[in-house]
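These notes are about the structure you will find just below.
2 protein chains.
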Amino acid sequence: MRLYSMPSSGNSYKVRLLLALLGRTVDMVDVEYGSDTLTRAKDEGRLPFGKAPVLELEDGTLLAESNAILFHLGQGTRFWPKDALQQAQVLGWMFWEQNQHEGVIAVRAALLTYPHRKAQATPERLAALLASGQGLLQMMDDHLVSRDWLVGEACSLADLCLYAYTHSAQTHGGFDLTPFPALRAWLDRVAALPGHVGL
Amino acid sequence: MRLYSMPSSGNSYKVRLLLALLGRTVDMVDVEYGSDTLTRAKDEGRLPFGKAPVLELEDGTLLAESNAILFHLGQGTRFWPKDALQQAQVLGWMFWEQNQHEGVIAVRAALLTYPHRKAQATPERLAALLASGQGLLQMMDDHLVSRDWLVGEACSLADLCLYAYTHSAQTHGGFDLTPFPALRAWLDRVAALPGHVGL
Chain A
154 MRLYSMPSSG
164 NSYKVRLLLA
174 LLGRTVDMVD
184 VEYGSDTLTR
194 AKDEGRLPFG
204 KAPVLELEDG
214 TLLAESNAIL
224 FHLGQGTRFW
234 PKDALQQAQV
244 LGWMFWEQNQ
254 HEGVIAVRAA
264 LLTYPHRKAQ
274 ATPERLAALL
284 ASGQGLLQMM
294 DDHLVSRDWL
304 VGEACSLADL
314 CLYAYTHSAQ
324 THGGFDLTPF
334 PALRAWLDRV
344 AALPGHVGL
Chain B
154 MRLYSMPSSG
164 NSYKVRLLLA
174 LLGRTVDMVD
184 VEYGSDTLTR
194 AKDEGRLPFG
204 KAPVLELEDG
214 TLLAESNAIL
224 FHLGQGTRFW
234 PKDALQQAQV
244 LGWMFWEQNQ
254 HEGVIAVRAA
264 LLTYPHRKAQ
274 ATPERLAALL
284 ASGQGLLQMM
294 DDHLVSRDWL
304 VGEACSLADL
314 CLYAYTHSAQ
324 THGGFDLTPF
334 PALRAWLDRV
344 AALPGHVGL
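If you read the protein sequences in the order shown, they are chains A and B. The numbering of the first sequence is the working numbering, which starts it at 154 and goes up by one. The numbering of the second sequence is the working numbering, which starts it at 154 and goes up by one.
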């Protein structure tokens, strides 16, 4: 298998993190913003939705969308619960991540770190994203006050998915994690998993 | 089971559509914007992420996120493929819907139709959403030129999910579907499914 992965992107990182925790290796093609490799991958039709990550399977099938890749690689592993309701709850957090969390937490980090996004980083937009993001992090903290993992009693794909952009929310996105002790303890739990790798 | 459903929302509609196609009925609680029922459902903690739809199971468990509800209700039905790769591809389209499509196609419709969103409906924003949305619809049309359904040889949760906001993109969101004959034929195929209901 081959993973088209953007080194700076949390969406790509979550797949690399799952692979590391599973002790699996795949061919890795780095497609960073502005790189010739990214242009080539797009031109050759390797990125079906125009975005990384994309997992290329042995038969050449291209699987897009970071969370769909997590689902595919996670089947039959300890990160995908056996219980049907828990499966739906795991996916619920992953849909929430793509619909609510990523468009705020990841986007503010992108505006602050990617030179090609700088023109969009107006003070008004940064302030609005900061306020929204602190609210989203509060929701996660509220949920984690009474439990170790987002769903059930074990680390699942939901935790790995949400960890990706949350663990760098403060350093990359300027969010303040101080008010969220349960969230910070959860970040520490994920970071302590055997095989964990950083961004 | 009980569904907290917002009548005007495509996210709620997609769940109602699946239920209708499966010939299933559940208790329906309408939580329209501005209604007392919505306020009450929020105050009573019935909407975990603050949004509809939410499916309340027999044991009181609250399942949020429209696409997670589709996944839960779709297990073991003809709308969830048996093939593992096709399952991941179905979820891929559903994640794409929440991350790319909904934030453009549904948001433009919301800006044009909900009075409480009107202040955000600036000409610049509407123009940007129109341009993005036509591009997203083009991607769907390109994909559907050579196939009847988004994944595999049968209608799946991916089709029902994407149908919800796409079928009203022109009437509610002001998008032009004329350039997309494959997309329009696909909309007609979903509308012709036995048991289909409108928004």
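C-beta: ideal position from N, C-alpha, C; glycine also.
Using a C-beta cutoff of 8 Å, does THR214 (chain A) count as contacting chain B? Position 61 of the first sequence, counted from the start, is the residue given in the question as residue 214 (chain A). Yes, THR214 (chain A) counts as interfacial toward chain B.
Between PHE333 (chain A) and chain B, is there a C-beta pair that is closer than 8 Å? As a first step, residue 333 (chain A) must be located in the first sequence, where it is residue number 180. Cβ-Cβ to chain B under 8 Å: no for PHE333 (chain A).
So the alpha helix (DSSP H) SER162 (chain B) belongs to, where does it begin and stop? Against the second sequence, residue 162 (chain B) aligns to sequence position 9. Taken as a continuous stretch (DSSP letters only), SER162 (chain B) belongs to no alpha helix (DSSP H), as it is neither H nor E.
Considering only residues of the region 197-255 of chain A, which uninterrupted alpha helix (DSSP H) runs meet the minimum length of 4 residues and lie entirely inside it, listed in chain order? Listed in chain order, they are 219-227, 237-249.
Which residues in chain A sit within 7 Å of LEU315 (chain B), going by Cβ to Cβ distance? Stepping through the second sequence from its first residue, residue 315 (chain B) is reached at position 162. One finds nothing in chain A with a Cβ atom closer than 7 Å to the Cβ of LEU315 (chain B); even the nearest lies about 13 Å away.
Would you verify that the beta carbon of ALA221 (chain A) is, or is not, closer than 8 Å to some beta carbon of chain B? Here residue 221 (chain A) refers to the residue found at position 68 when the first sequence is read from its first residue. Yes, contact with chain B.
In this structure, does DSSP put TYR186 (chain B) in helix, strand or coil? Taking the second sequence and counting its residues from 1, the one referred to as residue 186 (chain B) is at position 33. DSSP places TYR186 (chain B) in the coil class of the three-state scheme, outside both helix and strand.
Note the first and the last residue of the continuous alpha helix (DSSP H) segment covering VAL313 (chain B). The sequence position of residue 313 (chain B) within the second sequence is 160, counting from 1. Reading off the sequence, residue 313 (chain B) comes out as Leu, not Val. Per DSSP, the unbroken alpha helix (DSSP H) holding LEU313 (chain B) starts and ends at 310-319.
Pop quiz: GLN239 (chain B) and VAL304 (chain B) are said to be a contact at Cβ under 8 Å. What is the actual Cβ separation, rounded to whole angstroms? Here residue 239 (chain B) is taken as the residue at index 86 of the second sequence, counted from 1. Here residue 304 (chain B) is taken as the residue at index 151 of the second sequence, counted from 1. Yes, they are in contact, since the Cβ atoms of GLN239 (chain B) and VAL304 (chain B) sit about 5 Å apart, within 8 Å.
Give me the Cβ distance between LEU290 (chain B) and LEU244 (chain B), rounded to the nearest whole Å; I'm assuming they're in contact under 8 Å. On the second sequence, position 137 is the one that residue 290 (chain B) refers to. On the second sequence, position 91 is the one that residue 244 (chain B) refers to. Not quite, the Cβ-Cβ distance comes to about 21 Å (not below 8 Å), so this is no contact.
Would you say GLN228 (chain A) reaches chain B, if we count a Cβ-Cβ gap shorter than 8 Å as a contact? The count along the first sequence starts at 1 and reaches residue 228 (chain A) at position 75. Closer than 8 Å: yes.
Residue-level contact to chain A via CB, GLU255 (chain B), 8 Å cutoff: For the purposes of this step, residue 255 (chain B) is identified with residue 102 of the second sequence, where counting begins at 1. Taking 8 Å as the threshold, the shortest C-beta distance from GLU255 (chain B) to chain A falls below it.
Taking buried to mean at least 16 other C-beta atoms within 10 Å of its own C-beta, is SER299 (chain B) buried or exposed? The count along the second sequence starts at 1 and reaches residue 299 (chain B) at position 146. Burial is judged here by how many other beta carbons sit within 10 angstroms of a residue's own beta carbon; SER299 (chain B) has fewer than 16 and is exposed.
Step through the CB atoms of chain B and report whether any lies within less than 8 Å of the CB of TRP249 (chain A). Numbered from 1 along the first sequence, position 96 holds the residue referred to as residue 249 (chain A). So, interface residue.
Taking Cβ positions, are PRO234 (chain B) and ILE222 (chain B) nearer each other than 8 Å? Numbered from 1 along the second sequence, position 81 holds the residue referred to as residue 234 (chain B). Numbered from 1 along the second sequence, position 69 holds the residue referred to as residue 222 (chain B). Not in contact: PRO234 (chain B) and ILE222 (chain B) (Cβ atoms no closer than 8 Å).
Mapping the DSSP letters down to three states, classify ASP301 (chain A) as helix, strand or coil. Taking the first sequence and counting its residues from 1, one reaches residue 301 (chain A) at position 148. Of the three classes helix, strand and coil, the one that applies to ASP301 (chain A) here is coil, per DSSP.
Between which two residues does the alpha helix (DSSP H) containing GLN357 (chain B) stretch? The question about residue 357 (chain B) has no answer, for chain B in this structure spans 154 to 352.
How many angstroms separate the CA atom of GLU306 (chain A) from the CA atom of LEU313 (chain A)? Taking the first residue of the first sequence as position 1, residue 306 (chain A) is located at position 153. Taking the first residue of the first sequence as position 1, residue 313 (chain A) is located at position 160. If you take the alpha carbons of GLU306 (chain A) and LEU313 (chain A), they lie about 14 Å apart.
Taking 8 Å as the CB-CB limit, is LEU171 (chain A) close to chain B? Mapped onto the first sequence, residue 171 (chain A) falls at position 18. No, because no Cβ of chain B sits closer than 8 Å to the Cβ of LEU171 (chain A).
Between the region 157-167 of chain B and the region 309-324 of chain B, do at least 3 Cβ pairs fall closer than 8 Å? Taking a cut-off of 8 Å on C-beta distances, the region 157-167 of chain B touches the region 309-324 of chain B, as three or more cross pairs fall below it.
Do three or more CB pairs link the region 188-195 of chain A to the region 343-352 of chain A at distances below 8 Å? Contact between the region 188-195 of chain A and the region 343-352 of chain A is absent, with fewer than three C-beta pairs closer than 8 Å.
Suppose you measure from the CA of ALA284 (chain B) to the CA of HIS296 (chain B); what does that come to, to the nearest Å? Translated into the one-based positions of the second sequence, residue 284 (chain B) becomes position 131. Translated into the one-based positions of the second sequence, residue 296 (chain B) becomes position 143. Between ALA284 (chain B) and HIS296 (chain B), the C-alpha separation is close to 19 Å.
Please confirm whether GLU118 (chain B) and PHE202 (chain B) have their CB atoms less than 8 Å apart. A query on residue 118 (chain B) cannot be resolved here, the shown segment of chain B reaching from 154 to 352 and no further.
Taking Cβ positions, are GLU209 (chain A) and ARG199 (chain A) nearer each other than 8 Å? Residue 209 (chain A) sits at position 56 when you count from the first residue of the first sequence. Residue 199 (chain A) sits at position 46 when you count from the first residue of the first sequence. Yes, these two residues count as a Cβ contact at 8 Å.
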